[in-house]
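Below you'll find the structure, written out as structure tokens, and then a few comments.
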Amino acid sequence: MKKFDGIYTALVTPFDQKGSINSGAVQRLVERNIKQGVSGFYVCGSTGESYLLTKEERKYLLEAVCEAAGNDADILVNVGMFSTDYAIELAKHAEKQGVKAVSSVPPFYFPFTMEEYVEYYSDLADSADVPVLLYNIPAMSSVTFAGDDLKRLLANEKITGIKHTSYDLFQLQQLIHQYPEKNFFIGHDEIFLSALAVGAHAGIGSTYNIMAGKFIKIRELFMQGKTKEAAEVQNEVNNVVSALCRVGIFKGIKEILKMQGIDCGYCRKPFKKLDDTQRAFLLETAERNGL
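Position 9 (the sequence shown) corresponds to 516 in the working numbering; numbering is contiguous.
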């Protein structure tokens with residue numbers, strides 16, 4: 508089983524002026540992140556507005572990212588959808604692109620039972636010859652996995668680990684200790700350093716799009732035992748995260764990317780565009796925190 512390590516950018520989905528996926532911006536964003544030292548990319552996640560994309564757009568975006576990255580980075584992709592059949596279709600497509608793993612949010616909206624969630628992931632794991640990452644994001648999916656639930660899921664050899672987008676570091680620490688052969692990614696950027704302290708080796712994050720270098724620095728300082736210096740960089744990260752939460756995380760990331768020279772367009776409706784006051788606030792925050 509492959510062990511993942513390092514920084515994995517949860518890519519935004521760039522759009523052009525007509526609202527179509529902008530493959531040129533995809534290439535520029537991927538190339539810049541690789542130059543900054545990221546280990547890979549997480550495609551079609553929440554940051555990528557995946558549930559505002561069609562199935563065909565999700566396939567096209569993955570193909571564009573794989574082409575841009577070549578052999579220079581690992582590609583992970585979220586294939587989660589409401590329907591098992593649709594998720595399997597995306598997983599089979601991802602396998603053909605040579606991704607290192609597929610991931611999935613548990614199906615939401617309908618009140619599925621835990622038995623149905625377990626079967627969903629089992630079906631997904633059996634559908635394609637590629638490892639599966641459980642996407643644990645209770646704030647968005649409203650699905651909470653208890654320890655016994657995760658034990659059943661991780662017993663499947665094809666489930667390689669978890670994208671843990673949860674503030675429950677107690678649960679994360681226990682999982683890392685109990686399943687050392689599995690992969691655990693921290694999905695909340697604002698507690699990246701805290702997750703390293705409980706044993707995480709990898710992160711998948713939205714704000715890596717605009718400041719991957721800061722997360723690479725935090726990890727390097729932590730590994731050198733320079734926790735005070737790492738905490739100072741984490742504080743800079745959290746200044747930016749706080750500002751993004753104030754204006755809208757995904758909209759704000761795209762605005763800062765535009766300031767940095769990569770125009771990824773706007774988030775799709777029903778997201779609204781930022782106003783002048785919000786843009787000025789983000790510019791001041793970005794300048795103050797070295798972005």
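No residue lacks a Cβ here, since even glycine has one placed at the ideal position from N, Cα and C.
Please name the residue or residues paired with valine 639 in a DSSP beta bridge.
By DSSP's assignment, valine 639 forms a beta bridge with Val609 and Ile666.
On a Cα-Cα basis, can you pick out the residue from Arg659, Phe615, Lys658 and His600 that is closest to serine 634?
His600
Entirely enclosed alpha helix (DSSP H) segments - the region 719-776, minimum 4 residues
734-754 and 756-766
Going straight from the alpha carbon of lysine 658 to that of glutamine 681, what length do you get?
11 Å
Taking all protein chains shown into account, decide if glycine 768 is buried (16 or more other Cβ within 10 angstroms of its Cβ) or exposed.
Under this definition glycine 768 is an exposed residue.
Counting C-beta neighbours from all protein chains within 10 Å, is the total for glycine 531 16 or more, i.e. buried, or is it exposed?
Looking at its Cβ environment, which holds fewer than 16 other Cβ atoms inside 10 Å, glycine 531 is exposed.
Name the DSSP beta bridge partners of tyrosine 515, please?
Gly547 and Ile711
Alpha carbon of isoleucine 711 to alpha carbon of asparagine 585, nearest angstrom
Here the C-alpha atom of isoleucine 711 lies approximately 12 Å from the C-alpha atom of asparagine 585.
Can the beta-carbon of threonine 714 be found closer than 7 Å to that of histidine 695?
no
Out of curiosity, what's the CA-to-CA distance linking glycine 547 and serine 648?
25 Å
Proximity to isoleucine 763 [Cα-Cα], best of Val740, Gly797, Pro777 and Lys735
Ranking the options by Cα distance to isoleucine 763, first place goes to Gly797.
Between valine 637 and alanine 608, what straight-line distance do the alpha-carbon atoms span, to the nearest angstrom?
6 Å
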